[in-house]
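So the structure is just underneath, and the comments pick up after that.
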Amino acid sequence: MSHETMPDVLMAKHIKVVLSISERRAYEIMDLKSFPLIRIGRSKRVAKESFFRWLKEQESKNETLLG
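Dropping the structure here:
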């Protein structure tokens, strides 16, 4: 799935594909304070552009996100 074909609002299942991680780990990342999370009831979402902007910021920090 390419950036262009992804929906405008992403779920954990999309994040796991982009980052090649488990869905559980994707939810853990979505719980980080720095993550641009959108909550809809119990559902977690992120705007596609916000996610890729956040990801680029993490790249420049060169830190481990989850131990």
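FYI, the UniProt record's numbering numbers position 46 of the sequence shown as 46, with every residue one higher than the one before it. Each residue gets a CB set at the ideal place from its N, CA and C atoms; glycine is no exception.
Straight-line Cα distance separating residue j from residue i
i, j, result
"LEU37", "VAL9", "11 Å"
"GLU28", "SER20", "14 Å"
"LYS44", "TRP54", "16 Å"
"THR5", "SER60", "25 Å"
"residue 134", "VAL46", "The chain is shown only over 1 to 67; residue 134 falls outside these bounds and no answer can be derived."
"LYS16", "ARG24", "9 Å"
Whether residue i touches residue j by CB criterion (8 Å)
i, j, result
"MET30", "ALA12", "yes"
"MET52", "HIS14", "Before going on, a small fix: residue 52 reads as Phe here, not Met. No, the Cβ-Cβ distance between PHE52 and HIS14 is not below 8 Å."
"LYS48", "PRO7", "yes"
Counterpart residues of residue i in DSSP-defined beta bridges
i, result
"LYS44", "ARG39"
"LEU10", "VAL46"
Cβ-Cβ separation, residue j to residue i (assumed contact under 8 Å), whole Å
i, j, result
"PHE58", "LEU65", "Reading off the sequence shown, one finds Gln at residue 58, where the question assumed Phe. Between LEU65 and GLN58 the Cβ distance is about 7 Å, and since that is below 8 Å, they are a contact."
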